[in-house]
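Novice:
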Amino acid sequence: MEQDGKKEKTLVIIKPDGIQRSLVGELIKRYERSGLKLVGLKMFVPTDAFIEQHYSLDPDWKMKAGEKAIAAYDKKGIAPPSREPLEVGEKVLRNLKKYLSSGPVVTMVWQGMHAVEIVRKITGGTEPLTSDVGTIRGDLTIDSYAVADTGDRAVRNLIHASGSHEEAQKEIPLWFKAEELINYRLLNESILYDVNLGGILE
Ligand code: GDP
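Residues 43 to 244 (my numbering) make up the sequence shown, in order.
#1: On the DSSP bridge assignment, give the partners of ILE55 in chain order.
#2: Any idea what DSSP makes of GLY240, helix, strand or coil?
#3: Less than 8 Å between the CB atoms is what I'm expecting for VAL158 and GLY82, so what's the real figure, rounded?
#4: Only counting the same chain, and skipping five residues up and downstream in sequence, which positions put a Cβ closer than 7 Å to that of ILE160?
#5: Closer than 7 Å to a non-hydrogen atom of ligand 1 - does that hold for the CB of LEU138?
#6: Between the segment 199-219 and the segment 92-99, are three or more C-beta pairs nearer than 8 Å?
#7: Going by DSSP in three states, VAL175 sits in which element: helix, strand or coil?
#8: Considering only residues of the same chain and omitting the five flanking positions on each side of LEU234, which have a CB-CB separation below 6 Å?
#9: Tell me, to the nearest whole angstrom, how far the beta carbon of VAL197 is from that of GLU169; I am working on the premise that it is less than 8 Å.
#10: Within 10 Å of its beta-carbon, does THR192 have 16 or more other beta-carbons around it, so buried, or fewer, so exposed?
#11: Which same chain residues, not among the five before or five after GLY47, have their C-beta less than 8 Å away from its C-beta?
#12: Mapping the DSSP letters down to three states, classify GLY47 as helix, strand or coil.
#13: Closest by CA to LEU69, which one among ARG136, SER143, ARG179?
#14: I want to check one thing, is the minimum distance from the CB of ASP116 to the heavy atoms of ligand 1 below 7 Å?
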């Protein structure tokens with residue numbers, strides 16, 4: 043966490059399926075009502091090369107994504123497409139580039155105490171089939187690794203959210219220029235952060 047925890051930031055991307063499903067308002071609402079503050083927001087169509095850059099910020103991403111996918115198959119007793127994590131990760135990246143450059147995305151930066159963890163909790167686990175009810179991926183869509191892999195495409199799970207504080211610090215400057223992030227006071231913050239509550243009763 044940053045020294046001033048209230049300033050912790052995280053990146054959220056509404057992927058093309060979120061926009062095509064007309065869920066932009068619902069998705070923003072889920073993060074907004076948590077108490078986090080929206081400090082950056084824009085919409086554009088990312089290129090294939092830009093998505094490659096995003097997922098190359100963590101040099102181990104392909105390995106980790108492959109391991110995660112293989113573990114999910116094993117847990118369900120289904121044979122993974124390959125036992126080689128790098129091979130699985132490579133395929134996931136190829137399909138992700140196609141998916142995320144297929145149309146407009148909405149990108150946001152949310153700020154506040156525990157921003158990274160709170161956003162991951164609201165978003166839910168990677169695979170909609172197994173992500174918890176009450177989360178975005180658990181409530182609002184229905185995809186699975188098995189069906190996505192059969193169709194040779196990425197899992198359509200509506201959202202990208204930074205996985206850790208370190209990831210957020212690398213991802214935010216890639217997607218936003220410093221001047222696109224706005225420093226402002228939100229009146230709600232006093233109820234979330236102030237030690238003493240004063241000035242409520244007249
Ligand atoms: P996230 O941080 O929860 O989004 O998960 P990852 O960073 O591991 O994966 C990035 C994205 O790749 C996911 O959000 C999915 O859209 C897609 N994806 C991940 N694993 C798989 C997989 O095993 N198969 C397929 N088809 N897509 C995957």
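The beta-carbon is built from N, C-alpha and C at its ideal position, and this holds for glycine as well.
Specialist: Well, looking at it:
#1: THR149, HIS202
#2: coil
#3: So it is not a contact: roughly 15 Å between Cβ atoms.
#4: SER76, LEU78
#5: The answer is yes for LEU138.
#6: The segment 199-219 vs the segment 92-99: in contact.
#7: coil
#8: GLY77
#9: 6 Å
#10: exposed
#11: MET155, HIS156
#12: helix
#13: Nearest of ARG136, SER143, ARG179 to LEU69, Cα basis: ARG179.
#14: The nearest non-hydrogen atom of ligand 1 is 7 Å or more from the C-beta of ASP116.
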